[in-house]
Amino acid sequence: MRELFHLIAWLLPASSVKNRLLRLFGHDIAASARIGPTLALGVEHVVVGERAAISPGNVLRGMRLFDIGEEVTIGSWNTFSAHPGYRVADPNAGCAILDRGSSVTSRHYFDCSGKLHVQEFAVIAGHHTTILTHEIALDRNVQTAGVVMIGARSAVMTNCVMLKGACLPPMSILGANSMLTRSKTELLPGLYGGSPARRIGDMDTGPQSWFARKSSITTELTVDVPMAPHDETSR
0 MRELFHLIAW
10 LLPASSVKNR
20 LLRLFGHDIA
30 ASARIGPTLA
40 LGVEHVVVGE
50 RAAISPGNVL
60 RGMRLFDIGE
70 EVTIGSWNTF
80 SAHPGYRVAD
90 PNAGCAILDR
100 GSSVTSRHYF
110 DCSGKLHVQE
120 FAVIAGHHTT
130 ILTHEIALDR
140 NVQTAGVVMI
150 GARSAVMTNC
160 VMLKGACLPP
170 MSILGANSML
180 TRSKTELLPG
190 LYGGSPARRI
200 GDMDTGPQSW
210 FARKSSITTE
220 LTVDVPMAPH
230 DETSR
């Protein structure tokens, strides 16, 4: 019965009452956090920092720990899942850590059977990115879990893949439709792209750049060139 009430509490709309209920179930939820209706199945512990926001329609499944810091934002229709079997080998497996000011847009899939760590002010942008923290070790015929790291003030653009052991350096961009795998050497900051991804060049990280922003969300809108009006009578 407790599991049913726990499930219902997560499905409630965002409110201070919901935050209090989740705290009664042992989660650490800041008073100023906003958590939309979320499908939470087999989740042990959740930490949500001050002014963090989780939009409606997300799925948390099999997680040991889901920890998001202050002013983290998560869009809709994302899935964070973990296979609990890996915790037999390592009790600390099965977690996602999103540091202060980081953000996730919508419609992404995150396998957190090992550990996913998104550092401060990093962004998973666009949609349909897949991150996998486990894989089959073909030489041993065993399934293994590890860590995927996204460095501070970096961005993973739309429709990317990051595999177990991948680490995007701080102040870096992983270009759209790229696949980042484990590197045998420490990677330098810059623009990465391709499948498998390689370093393409440097990024402008000056004081006016996106990398130096003070707010986690970019809200200013503009267009590159004026849009010519469409004359419907010319059809």
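Here the sequence shown is numbered in numbering that gives the first Met the number 0, starting from 0 and rising by one per residue.
Heads up, the beta-carbon is just placed ideally off N, CA and C, and yes, glycines get one too.
*Run the CB neighbour count on A92, radius 10 Å, all protein chains shown included, and call it buried at 16 or more, exposed below.*
buried
*Got a sec? Which residues, its chain only, sit under 6 Å from L166 by beta carbon, not counting five neighbours each side?*
The amino acid occupying residue 166 in the given sequence is Cys; Leu does not appear at that position. Cβ within range, chain order: M148.
*Tell me which same chain residues have a C-beta within less than 6 Å of the C-beta of N57, skipping the five on either side of it?*
T37 and N77
*Starting from A88, follow the alpha helix (DSSP H) in both directions and report where the run begins and ends.*
Y85 to A88
*Is it right to say E2 is buried, meaning 16 or more other beta carbons lie within 10 angstroms of its own, or is it exposed?*
exposed
*In three-state DSSP terms, what is V16?*
helix
*Straight-line gap, R139 to H133 (C-alpha atoms, nearest Å)*: 14 Å
_Give me the DSSP bridge partner(s) of I34._
I53
*Within its chain, find whatever has a CB closer than 6 Å to the CB of A39; leave out the 5 residues flanking it on each side and keep chain order.*
W9 and L59
_Residue of T143, H82 and H126 minimising C-alpha distance to R106_ = H126
*Between which two residues does the beta strand (DSSP E) containing I96 stretch?*
C94 to L97
*Answer yes or no: do L131 and L97 have a C-beta to C-beta separation smaller than 9 Å?*
no
*Helix, strand or coil: which one does DSSP assign to L6?*
helix
*Taking C-alpha atoms, which residue in V42, R33, A32 and E219 lies nearest to L6?*
V42
_By the DSSP assignment, the beta strand (DSSP E) with M148 in it spans what residues?_
V146 to I149
_Quick check on the DSSP output: the beta strand (DSSP E) that includes E134 runs from which residue to which?_
H133 to A136
*May I have the straight-line CA-CA distance separating T180 from G35, to the nearest angstrom?*
33 Å
*Since L190 is in the beta strand (DSSP E), which residue starts that stretch and which ends it?*
L190 to G193
*Provide the residue span of the beta strand (DSSP E) that contains F65, from first to last.*
L64 to I67
_Spatial neighbours of A136 within its chain, please: C-beta separation below 8 Å, excluding the five flanking residues on both sides._
Q142 and T143
*So which of Y85, A121 and G192 has the shortest CA-CA distance to F210?*
A121
*Would you report the Cα separation of H44 and D66, rounded to the nearest angstrom?*
8 Å
*Look at the alpha carbon of N18 and the alpha carbon of D203, and state the distance between them as a whole number of angstroms.*
40 Å
*Using a Cβ-Cβ cut-off of 8 Å (strictly less than) and excluding sequence neighbours within five positions of G200, which residues of its own chain qualify?*
G189 and L190
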